[in-house]
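Remarks on the structure that follows.
Residue numbers (the working numbering): 73 to 344.
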């Protein structure tokens, strides 16, 4: 999962009107960047918000954009914001962004489509993953990045929730990917789509991984799925209490009305 962090610079408190003004202008991309982030973070419901974010998403930037803004950063922030706003009008533009040559933008678009539960995205997501770990999941030349943002693409399929045999067949090869973060994403998606306990148990095993980054990812994945049998393992994980609390909150939110909710709340109290 991708943690939400505020953008650097231009981060003074602003109003919704100011965020919209910043996104509307086109002279300073760093102002657009923060405006897009603010509107998503604050879940803006202004009638201009979604159209302006979609416009920013279509605004592909040259690699020498300057002003301290990374290539396509405004479009990426717009995609992330649209995912948070849960407005189906954004799906068409996000699907177009999923085909962009910029893998960072494809990643942001995939996560947003997952947040929106966009079933129209299932086939394009599967198509990008269909070549499997040896192609889509292979490292780029002279880069730690993979050919495709596999973690985001796989998590989006799990979040959308279309559990056809074809979707499961696309995800399954990534269960044995060399990178544990990809294995965690694939295991999470299999648990979401199939509900089979074996996948929850595999995520729990990752809570004992020697790398802290992997343990953190498994915590977030278990919280996102809300797998209650992981309660004890989550509280015992060697990771920050703040992340354990986020995972436990996920157990509560995903399992409203479950009889053991009180036990989860008690575990949260003990971590505070």
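Even glycine gets a Cβ: it sits at the ideal position worked out from N, Cα and C. Here the structure is a predicted model, which means the values were calculated and not measured.
Asked	Found
DSSP three-state assignment for residue 218, whether helix, strand or coil	strand
Residue environment, residue 249, which counts as buried when at least 16 other CB atoms sit within 10 Å	buried
Neighbour-count burial assignment, residue 294, 16 or more Cβ in a 10 Å radius	buried
Beta-ladder partner(s) of residue 47, from DSSP	Here the chain has residues from 73 to 344 only, and residue 47 is not among them.
Cβ-based burial, residue 241 [other Cβ within 10 Å; buried from 16]	exposed
Supposed contact pair residue 114 and residue 88 - C-beta distance, whole angstroms, cut 8 angstroms	7 angstroms
Assigned exposure category for residue 281 - 16 Cβ within 10 Å defines buried	buried
Nearest-angstrom Cα separation, counted from residue 231 out to residue 296	9 angstroms
Residue burial classification, residue 277 (beta-carbon count within 10 angstroms, cutoff 16)	exposed
Nearest to residue 21 (by Cα), restricted to the options 221, 224, 302, 146	A question about residue 21 goes unanswered here, because the residues of the chain that appear run from 73 up to 344.
Beta-carbon proximity check, residue 166 vs residue 181, cutoff 8 angstroms	yes
Residue 236, buried or exposed, once every other Cβ within 10 Å from all chains shown has been counted against 16	exposed
Residue from 156, 131, 216 whose Cα sits closest to the Cα of residue 98	131
In chain order, each beta strand (DSSP E) run of at least 3 residues that lies wholly inside the segment 244-305	none
Same chain, Cβ closer than 6 angstroms to residue 184, five either side skipped, listed in chain order	151, 154, 155, 166
First and last residue of the uninterrupted alpha helix (DSSP H) at residue 325	313-326
Buried or exposed by the 16-neighbour rule on C-beta atoms within 10 Å, applied to residue 191	exposed
7 angstroms Cβ shell around residue 128 - same chain, five flanking residues per side excluded	95, 104, 108, 146, 147, 150
C-beta atoms of residue 286 and residue 253 nearer than 8 angstroms	yes
Contact set for residue 204: own chain, Cβ-Cβ below 6 angstroms, skip 5 residues either direction	245
When 256, 288, 283 are compared against residue 274, the one with the closest alpha-carbon	256
Supposed contact pair residue 279 and residue 303 - C-beta distance, whole angstroms, cut 8 angstroms	Contact flag wrong, Cβ pair sits at about 12 angstroms.
C-alpha distance - residue 85 paired with residue 310, whole-angstrom precision	35 angstroms
Boundaries of the alpha helix (DSSP H) in which residue 340 is found, first to last residue	333-343
Residue closest to residue 144, alpha-carbon to alpha-carbon, out of 175, 123, 341	175
Short Cβ contact (8 angstroms threshold) for residue 291 with residue 261	no
Option in 163, 209, 218 with minimal Cα separation from residue 194	163
Buried versus exposed, by CB contacts within 10 Å (16 or more), residue 223	buried
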